[in-house]
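Each protein sequence line maps, in turn, to chains A and B.
In terms of this note's numbering, the first sequence is residues 127 to 511.
In terms of this note's numbering, the second sequence is residues 127 to 511.
2 protein chains.
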Amino acid sequence: MLPRILLGPGPSLTPPSVQAAMALPPIGHMDVALLPVLDEIVTLLRETFQTANEVTFPISGTGTAGMEAAFANTLAPGTRVLVASCGYFAERMAEVARRLGAEVTLVDAPWGQMVDPADVERALRKTGAQVLGVVHVETSTGVCQPCREFAQMAHNHSAVILVDAVASLGGMEIPVDQWEIDLCYSGSQKCLSAPPGLAPLTLNSRVRTHATARTSPSFYLDIELLWQYWGPGHAYHHTAPVPLLYALQEALRLVHEEGLSARVARHQHHAAALWAGLEALGLRLFVPESLRASSLTTVHVPDRIDEARVRRRLLEEYGIEIAGGLGPLRGRIWRIGLMGYSSQIQHVILVLFALENILRSEGFSLDGGAAVRAASRILATAPVL
Amino acid sequence: MLPRILLGPGPSLTPPSVQAAMALPPIGHMDVALLPVLDEIVTLLRETFQTANEVTFPISGTGTAGMEAAFANTLAPGTRVLVASCGYFAERMAEVARRLGAEVTLVDAPWGQMVDPADVERALRKTGAQVLGVVHVETSTGVCQPCREFAQMAHNHSAVILVDAVASLGGMEIPVDQWEIDLCYSGSQKCLSAPPGLAPLTLNSRVRTHATARTSPSFYLDIELLWQYWGPGHAYHHTAPVPLLYALQEALRLVHEEGLSARVARHQHHAAALWAGLEALGLRLFVPESLRASSLTTVHVPDRIDEARVRRRLLEEYGIEIAGGLGPLRGRIWRIGLMGYSSQIQHVILVLFALENILRSEGFSLDGGAAVRAASRILATAPVL
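Below you can see the structure in the form of structure tokens.
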């Protein structure tokens, strides 16, 4: 098996020092020597979320567990929830909230578009929603939504806003305090480039004391109990997955070392090169440029091309993982991620080179080398910091 | 910092090959090359649980997530649940079930004892409970409860039984099918000696189709949805924590290689040596011998000894982690685990040697070397297979 170059919608590649951290000798979850690790993770997560929120820590589960923790701690049965939906993970938000007993309304936009803020405003007024759920970067489409604007609207209607930053934290701007996001969660395995299994989460005192705040029906995901372990008290709640914590600590140190704005610029720079290359190949990008996430690029599968076969060849011949579409986009788009440690010049060049060769041999006519040349022109410039 | 010798109630030490597995190069959760790993984990878990149950896989969370998955998929609001409680984790069961809307009754026994089966029988009759929750080995006390007997009682009253085998699976007998346990869950980090973060779980068709079966209010812990990923369909549900899966796969291979009965005998043999040594030290074991778990030994803290100080010295001077008591047993007992890879001759000898030296220097009078000699006499014999 070829070593994998992970250019899908996550997990991304993990840096060698993060890999190494996972295999550190085991230590107990209540060991005094572990406590500084917990504290540093909290501090570095606050920096990454750009927040002064006290309650900031990783949930011991994947991004979906973060989503569930967000709703389980803010909804009571009957709470009116509005979800701004233009993709698979917003629909998952709705499903999670519904199972927890919320009355959920969706404000839809076509997949590949963002939800119209005017529609959200109208729906907030009409439904009297107490909670607004928004996905920042929709992993199913690569669309980035304007969370700051949505946050203002939510607050104008006395609602709290919960933001899914699974596919953006650590790679794109998501300044939680400046944008007045009440609760934000992410996943460890995308732009943070730690292994999957943790869901960083932060919430402000507004959402902790909001009318909809409740005792979580989930003991495992009870944020207030979890904070008793992660906060200064360090009281036992469950056996923390220590190897994943070591890895996250190292991954966050690397974010700190690089600097958030340099990291955001790197993601943007490499994404722009990928876009230029894909267009030079003759492919059509799925998302209008103004809405495109830099962490995840989506592109139409050309007519008469078997998309699954192209992905299989990328994996078998180059070790490159990209993803196909979810739900209604199945068979219609590819999803190419340049997240965290995967966002590197050589990956941009390699995936374009590989795609060009495979598409040509699959009968798609194109101008040899054009993609790599187009990307190179952008890569030759410095990223805008 | 001294390297840690983990002799607490979990996590246990992980074998080198399990450590190494965690740092394998990352791979996507939907990669065709990962699917055989998923399938092998399912097969090896069935072997370890001694079950032919189809639905058998690890939850992406710790043992507490396993507990929550067990109840979330078997309770509806108002379901009558009986918990046979003689410790902290049974009380957690009750708390988890209550939060999910169940009507919970506890049948109590003092911590350090097992629950009287006659009391359980009476309570089943009286409450008409539909679900019986039992902790096999209570991590707070080291008591092992007779799950086979409880299973028969539950079935005689048309209830299903959910068994917590967090502190026993892979180290003590828990033959799920033979004992007719309907649902059983465990944790990765105790007798299986994988890192914490996964909760192996199995359930039979009886519990899947029982009157109390329901759609889980938790999307993350919905067993039927999770089985769509773990079962032959391998459909996406959430991003599986692949490094933990690699580690669990290797840990389960080691269980298979050693053989379950040899492993059970090893745990029993080393525990017996520890018990003899502790008694030779002049310490009183907390649990009557007939109820003692071999994975976890509890012992009274002698009068005038500062228990936290002894633990701190064990950690600082020898790198040995043991635990104190939980809840009402705080300050009153020590908990010494010999679980999985931690259940080794040299650990028995070392912890006795260290305890003897520290207790003597703390002013506890004892017969020098007696503990190690007593343990050695047992260790010199072969374990009974």
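Built from N, CA and C at the ideal position, the CB exists for glycine as well.
Model, not experiment: these values are computed from the prediction.
Proximity test, Cβ basis, 9 Å: residue i and chain A
i: Phe183 (chain B); result: no
i: Gln315 (chain B); result: yes
i: Thr253 (chain B); result: no
i: Pro129 (chain B); result: yes
i: Arg225 (chain B); result: yes
i: Ala506 (chain B); result: no
i: Thr341 (chain B); result: yes
Interface partners of residue i on chain B, CB under 7 Å
i: Glu194 (chain A); result: Ser344, Phe345 and Tyr346
i: Glu447 (chain A); result: Gly154 and Asp157
i: Leu148 (chain A); result: Sequence check: residue 148 (chain A) is Met here, not Leu. Within chain B, the residues near Met148 (chain A) are Met148, Ala149 and Pro369.
i: Gly134 (chain A); result: Gly154
i: Val222 (chain A); result: Phe345
i: Gln145 (chain A); result: Ala149
Closer than 9 Å to chain B by CB, residue i
i: Tyr311 (chain A); result: no
i: Met156 (chain A); result: yes
i: Met240 (chain A); result: no
i: Ser138 (chain A); result: yes
i: Leu452 (chain A); result: yes
i: Arg461 (chain A); result: no
i: Ala373 (chain A); result: yes
i: Leu380 (chain A); result: no
i: Arg218 (chain A); result: yes
i: Leu441 (chain A); result: yes
The beta strand (DSSP E) enclosing residue i, as first and last residue numbers
i: Ser344 (chain B); result: Premise fails: Ser344 (chain B) is in no beta strand (DSSP E) and is neither H nor E.
i: Gly426 (chain B); result: Correcting the residue type first, residue 426 (chain B) is His in the shown sequence and not Gly. First-last of the beta strand (DSSP E) with His426 (chain B): Leu422 to His426.
i: Val229 (chain B); result: The displayed chain sequence assigns Glu, not Val, to residue 229 (chain B). Where Glu229 (chain B) is concerned, the enclosing beta strand (DSSP E) stretches over Glu229 to Asp234.
i: Pro184 (chain A); result: Thr182 to Ile185
i: Tyr311 (chain B); result: Leu309 to Tyr311
i: Pro326 (chain A); result: Ala325 to Leu329
i: Trp353 (chain B); result: It is not in any beta strand (DSSP E) - Trp353 (chain B) instead sits in the alpha helix (DSSP H) that spans Ile349 to Trp356.
Assumed close pair residue i, residue j - CB separation to whole angstroms, cut-off 8 Å
i: Arg130 (chain A); j: Pro152 (chain B); result: 7 Å
i: Glu229 (chain A); j: Arg248 (chain A); result: Their Cβ separation, rounded to whole angstroms, is 17 Å, which puts Glu229 (chain A) and Arg248 (chain A) out of contact at 8 Å.
i: Gln256 (chain A); j: Thr169 (chain A); result: Going by Cβ atoms, the distance from Gln256 (chain A) to Thr169 (chain A) rounds to 32 Å, so no, they are not a contact pair.
i: Leu309 (chain A); j: Leu329 (chain A); result: 4 Å
i: Gly357 (chain B); j: Val474 (chain B); result: Rounded, the Cβ-Cβ distance is 41 Å, inconsistent with contact.
i: Ala216 (chain B); j: Val261 (chain B); result: 5 Å
i: Phe345 (chain A); j: Arg340 (chain B); result: About 18 Å separates the two Cβ atoms, so there is no contact after all.
i: Met193 (chain A); j: Val222 (chain A); result: 6 Å
i: Leu208 (chain B); j: Thr253 (chain B); result: 6 Å
i: Pro369 (chain B); j: Pro321 (chain A); result: 5 Å
Partner residues on chain A for residue i, Cβ-Cβ distance less than 9 Å
i: His364 (chain B); result: Gly187, Thr188, Gly189, Thr190, Ala191 and Pro322
Bounding residues of the alpha helix (DSSP H) (the contiguous stretch that carries residue i)
i: Cys273 (chain A); result: Cys273 to Asn282
i: Arg206 (chain B); result: Taken as a continuous stretch (DSSP letters only), Arg206 (chain B) belongs to no alpha helix (DSSP H), being part of the beta strand (DSSP E) at Arg206 to Ser211.
i: Ala496 (chain A); result: Ala496 to Leu505
i: Val286 (chain A); result: Taken as a continuous stretch (DSSP letters only), Val286 (chain A) belongs to no alpha helix (DSSP H), being part of the beta strand (DSSP E) at Val286 to Asp290.
i: Val436 (chain B); result: Glu433 to Arg439
i: Trp401 (chain B); result: Leu386 to Ala406
i: Leu258 (chain A); result: Premise fails: Leu258 (chain A) lies in the beta strand (DSSP E), Val257 to Val261, not in any alpha helix (DSSP H).
i: Gly463 (chain B); result: Unbroken run through Gly463 (chain B) is the beta strand (DSSP E), Ile459 to Gly463; no alpha helix (DSSP H).
i: Thr190 (chain B); result: Gly189 to Ala198
i: Met219 (chain A); result: Tyr214 to Arg225
Within chain A, the residues that residue i reaches when beta carbons sit closer than 7 Å
i: Gln472 (chain B); result: Here the premise fails: no neighbours, minimum Cβ distance about 16 Å.
* To do: Check whether the stretch 171-186 of chain A touches the stretch 457-471 of chain A, counting contact only when three or more Cβ pairs, one atom from each stretch, lie closer than 8 Å.
  => No, they do not touch.
* To do: Please confirm if the stretch 408-423 of chain B is in contact with the stretch 409-421 of chain A, defined as three or more CB-CB distances below 8 Å between the two stretches.
  => no
* Asked: Do the stretch 341-356 of chain A and the stretch 298-317 of chain B touch if we need at least three Cβ pairs shorter than 8 Å?
  -> no
* **At least 3 beta-carbon pairs within less than 8 Å: the stretch 368-379 of chain B vs the stretch 448-455 of chain B** => no
* **Residues, ordered as in the chain, of the stretch 346-361 of chain B that lie near chain C by beta-carbon distance below 9 Å** => Judged by its chain identifiers, the structure shown contains no chain C, and its protein chains are A and B.
* Asked: Three or more beta-carbon pairs under 8 Å between the stretch 376-387 of chain B and the stretch 231-241 of chain B, yes or no?
  -> no
* Asked: So, do the stretch 154-170 of chain B and the stretch 494-506 of chain B have three or more beta carbon pairs nearer to each other than 8 Å?
  -> no
* Is the stretch 305-322 of chain A in contact with the stretch 260-279 of chain A, if contact means three or more CB pairs nearer than 8 Å? -> yes
* Sufficient close CB pairs (3 or more, under 8 Å) joining the stretch 430-439 of chain A to the stretch 136-152 of chain B -> no
* **At least three beta-carbon pairs within less than 8 Å, the stretch 414-424 of chain A to the stretch 463-482 of chain A** => yes
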